[in-house]
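Sequence lines, in order, name chains A and B.
Quick note: the first sequence, position 241, residue 241 per this note's numbering, numbers continuous.
Quick note: the second sequence, position 48, residue 48 per this note's numbering, numbers continuous.
The C-beta atom is built at its ideal place from N, Cα and C for all residues, glycine as well.
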Amino acid sequence: MNTPIYLDYAASTPIDPRVAASMHQCLTNVELQGNPSSLSHRYGRAARGVIEKARQQVAGALNAKPVEVIWTSGATESNNLALFGVAHYHADRGKHIISSKTEHKAVLEPLKRLEKQGYRVTYLKPDEFGIVHPQQVQEAITPATILVSLMHVNNEIGVIQNIGEVGSLCSERQVLFHVDAAQSAGRLPIDVKQMNVDLLSCTAHKLYGPKGIGALYVRRDPVVGLEPLIVGGGHELGLRAGTLATHQIVGFGLAMELMTKQRDADHARLTILRDQLCNGLQGIADIKRNGHATQCVPNILNVAFDGVEGESLLFALQDLILSAGAACSSGSDEASYVLRALGRSDQQAQSSLRFSLGRFTTEQDINVAVAAVSREVTRLRSISASLL
Amino acid sequence: MENVTQFDYAPEVVQRFVNTLHAGSLDGVNVVNAQAGSRESGASARLWLQVVNQRVKKAAFQGYGCPHFIAAAESLAEWCEGRTVNELSLWSWQKVQQQLAIPTSKRGRLLILENALKKAIETLISTHNPSS
């Protein structure tokens, strides 16, 4: 059996060997084994030192201050902390939140729970390309609105939202603005100050770092009030209790720094590979690209293959590692809610595949992928040709 | 709780899905066909049977659906070959579910195959007994 070709970078990226080496070094250096909160001895202070270096690395990539970076277990926890934290802390100001129908479940599920707690949530509908227009946000804001939460880059279709413009209009109206940047942190230039972002979620495992570590940027000037989800020893300025995972944080810091350093080169290379993939797939009849052709990241391409059942196509492409929908929900038989929000039928949504490329994808990988998809789409269509 | 997830397939499912020996269509005077299900519902199949002297000489199918469904359709077509018309009603979706380890949540798809077979049998009976 051939080694499968990994085209699921949007679900999770492999760890960069340089990141793995830094984590290994951290795990095997006895001087870094102290509790980073035990500042009374040198092992604790040494561990704290590497954590603060990583905090600078992550903050630097966002143009944030290190003190504004709170470590979490990943983007899901960051989103939960941002949404529940703001909603509960600012409940006396209002109970209205604005978001969109195409957010990740890590935002939608907390919002559903907040609705049960008496909050009102407006879910904006994106246009047919997946874009939420700032004008929609502006029109939805009411005096009771306390928070707008939008993702920077959609995980299924790769569409980039106009975060700067939304941030600006939220700032003018004194509405807090949270951005789920799980797919964009390190990959796209982010300046939280210039973009008027108050809270921003990111995670290491989408940028060649380890799973299980993430961060929430929380603006400090002026400070954003936030009620913590996890309480205990008062870690992370009282916003997230728990002993810090030194090696995870070290890996995250380096991964973010490498992403930022290689961003332009990665972007250019991935654009070429994505276009090669897109052009190759154009040779297959009756396909449709999901998302926007230009307002998108170069590493995600989502395509609907008319007349082909999605689960069968995914299974037929066993030599390719990719997703029919978002990784977190791909165990579900349900058609993608993101694609349905774009106006795709259940059948079109169910017949769509997400190809996501990354640092280790090669031109040869793309050629093999195009040939395999073309072959299997043709085969599956041929055995269902006469059916209604 | 089922211990088979949507993406776990028994080896026989894999083999039948990859090698669909009966995929295709048949034509000719002794051929009947019947369709059941729909693409909208996620599963659809058409079954062709060529009957000579009250016995199925050849069977073929076209199918739209998940690997379990395609494998089950392939299995059905193979099973039909060599059976008499009277024996066709003995096909059991329960046996196929067991044989291919198809999750309970997908039982409805096997009923689509049963419907296609039943319709084909009805056509065969009416064709061979036009006055009845």
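DSSP-derived helix/strand/coil call for A:Arg-426: Chain A is shown only over 1 to 388; residue 426 of chain A falls outside these bounds and no answer can be derived.
C-beta atoms of A:Tyr-123 and A:Ser-99 nearer than 8 Å: Yes, the Cβ-Cβ distance between A:Tyr-123 and A:Ser-99 is below 8 Å.
Any chain A beta carbon closer than 8 Å to B:Ser-75: So, not an interface residue.
Cβ pair count under 8 Å reaching 3, the region 151-166 of chain A against the region 365-376 of chain A: Look at the beta carbons and you see the region 151-166 of chain A not touching the region 365-376 of chain A: under three pairs across the two are nearer than 8 Å.
Exposure of B:Lys-95, with buried meaning 16 or more beta-carbon neighbours within 10 Å: Looking at its Cβ environment, which holds fewer than 16 other Cβ atoms inside 10 Å, B:Lys-95 is exposed.
Inter-residue Cα distance where the pair is A:Glu-115 and A:Val-223: Here the alpha carbon of A:Glu-115 sits roughly 26 Å from the alpha carbon of A:Val-223.
Cβ neighbour criterion (16 or more within 10 Å) applied to A:His-41: Of the other Cβ atoms in all chains shown, fewer than 16 fall within 10 Å of the Cβ of A:His-41; this residue is therefore exposed.
Limits of the unbroken alpha helix (DSSP H) element including A:Phe-404: This structure gives no information on residue 404 of chain A, because the portion of chain A shown stretches from 1 to 388.
For B:Phe-61, the three-state DSSP class (helix, strand or coil): In this structure, B:Phe-61 counts as strand in the three-state DSSP scheme.
Beta-carbon neighbours of B:Cys-66, restricted to chain A and to distances below 9 Å: Residues of chain A passing the Cβ test: Glu-309, Gly-310, Glu-311, Ser-312, Phe-315, Asp-333.
Integer-rounded CB distance, given that A:Gly-209 should sit under 8 Å from A:Leu-74: What sits at residue 74 of chain A in the sequence shown is Gly, not Leu. Actually they do not touch by this definition, with Cβ atoms about 11 Å apart.
Proximity test, Cβ basis, 8 Å: A:Ile-383 and chain B: Judged by the 8 Å Cβ criterion, A:Ile-383 is in contact with chain B.
Cβ-based burial, B:Phe-69 [other Cβ within 10 Å; buried from 16]: B:Phe-69 is buried by the Cβ-count criterion.
Chain B contact for A:Ala-326 (CB, 8 Å cutoff): Note on A:Ala-326: pLDDT 42, under 50, position unreliable in the model; no value is reported.
CB of A:Leu-169 within 8 Å of CB of A:Gln-138, strictly: Yes, they are a contact pair.
When A:Ala-285, A:Ile-97, A:Ser-382, A:Asn-299 are compared against A:Ala-268, the one with the closest alpha-carbon: Here the closest residue by C-alpha is A:Asn-299.
C-alpha gap between A:Gln-350 and A:Leu-317, whole angstroms: The straight-line gap from Cα to Cα measures roughly 15 Å.
B:Ile-70: contacting residues in chain A (beta-carbon distance under 8 Å): Simply Ser-312, Ile-383.
Closest by C-alpha distance to A:Gln-174, when choosing among A:Ala-324, A:Asp-198, A:Ser-386, A:Glu-257: Ranking A:Ala-324, A:Asp-198, A:Ser-386, A:Glu-257 by Cα distance to A:Gln-174 puts A:Asp-198 first.
Within 8 Å, strictly: CB atoms of A:Ile-321 and A:Tyr-6: The beta carbons of A:Ile-321 and A:Tyr-6 sit closer together than 8 Å.
B:Arg-83 at chain A interface by Cβ criterion, 8 Å: Chain A places no beta carbon closer than 8 Å to that of B:Arg-83, leaving this residue out of the contacts.
Other residues of its chain near A:Thr-246: CB distance less than 7 Å, five sequence neighbours each side excluded: So the qualifying residues of the chain are Cys-26, Leu-32, Pro-36, Ala-47, Val-50, Ile-51.
Inter-residue Cα distance where the pair is A:Gly-291 and A:Met-195: Pairing A:Gly-291 with A:Met-195, the inter-Cα distance amounts to about 23 Å.
Where A:Asn-290 sits in the DSSP three-state scheme: It is a strand residue.
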